[in-house]
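**Student:** To start, I am sharing the structure in question, which I have written as structure tokens.
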Amino acid sequence: MTILAYQVFYAVVKERSFQKAAESLNLTPSAISHTISSMEKELGFPLFVRSKQGVQLTGYGESLRPYILNVLQSEDSLQEAIAQMNGLEKGTVKIGAFNSICTTLLPQLIKSFREQHPSIEIEVYQGTYDDVLKWIKNGTVDLGFLSISSAGGLPIIPLFKDRLVSVMPKGTNVGGKEFVRMEDLRGKGFVSQRESTDADIQNLLKKYDVEVQSNCHVVDDQSTIAMVESGLGICIMPSLLMSTMRSDVDIYPIEPPEYRVIGICTKKEMIISPAVNSMREHIIKTLKEI
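See the structure below:
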């Protein structure tokens, strides 16, 4: 099989349509269909299931997906290395990030990187911790921001500590204190997010054996704060996120101080392309300076 066959395979996986895959590669739909059929004939098993709802991977195709992606990434790395040797700089970097990184640090990181490397393309994928972890593992993204507790065994480079704070409806009585302790939160009504979204908060509650009562189970940070602002409960949030939120709530630091540690992850050191490595080094250098 050729690199083009692997590119066709990945385009069909990404677009879930032979027609859209053809458009993305500037080929005809019949060329896409012929390429996939030839791959399936050579392999001896089907790669895709075709239906009115679109195209989906078979179990065989899903098993081969990470290996084919590794081949394509290696090819991209080779071409980028050759370009650098010729005094050129190009490539694409795909970054996975959760909400508070997307709304605070990432825009400026991308802007400053583009000023230094205008020919390198940047793609951003926003999701939960679980989403970013999955994207790194299956090759959807090259780099991913995660907390150390959510990295799932992937190699992670710590970047900074983000202090956790308690967020309460405006005017909540905390006994005149300027901070709260975890034991003060026992028995309080919480606005809760899914564990995949706030794994660090769940770990903190387990650490102090604080069981929460919650009637609100939401997904995103903005919804969580809106529920707290409406008096439906309290929550624990990272300071990084709250620095950008404009809401009528009270924020109290937790004592003793508790943090989540944010880092940058990659799947395998050996397949990092020059463009990805440049972006990773830029992130590390920039955040250390901040």
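The opening position of the sequence shown corresponds to residue 124 in the working numbering, with each subsequent residue numbered one higher. Glycine residues also receive a C-beta, built at the ideal position from the N, C-alpha and C atoms. Since the structure is predicted, the reported quantities are computational estimates derived from the model, not experimental observations.
Give the secondary structure of Pro189 by DSSP, where H, G and I count as helix, E and B as strand, and everything else as coil.
**Tutor:** helix
**Student:** Who are Arg304's beta bridge partners in DSSP?
**Tutor:** Arg304 pairs with nothing; no bridge assigned.
**Student:** Under the rule that 16 or more other beta-carbon atoms within 10 Å means buried, what is Glu185, buried or exposed?
**Tutor:** exposed
**Student:** Between the alpha carbons of Pro379 and Glu246, how many angstroms are there, rounded?
**Tutor:** 38 Å
**Student:** Just to confirm, are Gln142 and Leu195 a CB contact at a threshold of 8 Å?
**Tutor:** no
**Student:** When you compare only the Cα positions, how much space is there between Thr251 and Lys330?
**Tutor:** 22 Å
**Student:** Once DSSP output is grouped into helix, strand and coil, what is the label at Pro361?
**Tutor:** strand
**Student:** Assuming Glu381 and Leu287 form a contact by the criterion Cβ under 8 Å, report the distance between their Cβ atoms to the nearest whole angstrom.
**Tutor:** 5 Å
**Student:** Helix, strand or coil for Ser147? Go by DSSP, reduced to three states.
**Tutor:** helix
**Student:** For the alpha helix (DSSP H) holding Pro379, just list the boundary residues, first then last.
**Tutor:** Run containing Pro379: none; DSSP gives neither H nor E here.
**Student:** Round the Cβ separation of Ser396 and Ser200 to the nearest angstrom and send it over; I've been treating them as touching at under 8 Å.
**Tutor:** Going by Cβ atoms, the distance from Ser396 to Ser200 rounds to 4 Å, so yes, they are a contact pair.
**Student:** Take the Cβ of Gln336 as the centre, count every other Cβ of all protein chains shown within 10 Å, and call the residue buried at 16 or more, exposed below.
**Tutor:** Residue environment: Gln336 is assigned as exposed (fewer than 16 neighbouring CB atoms within 10 Å of its CB, all protein chains considered).
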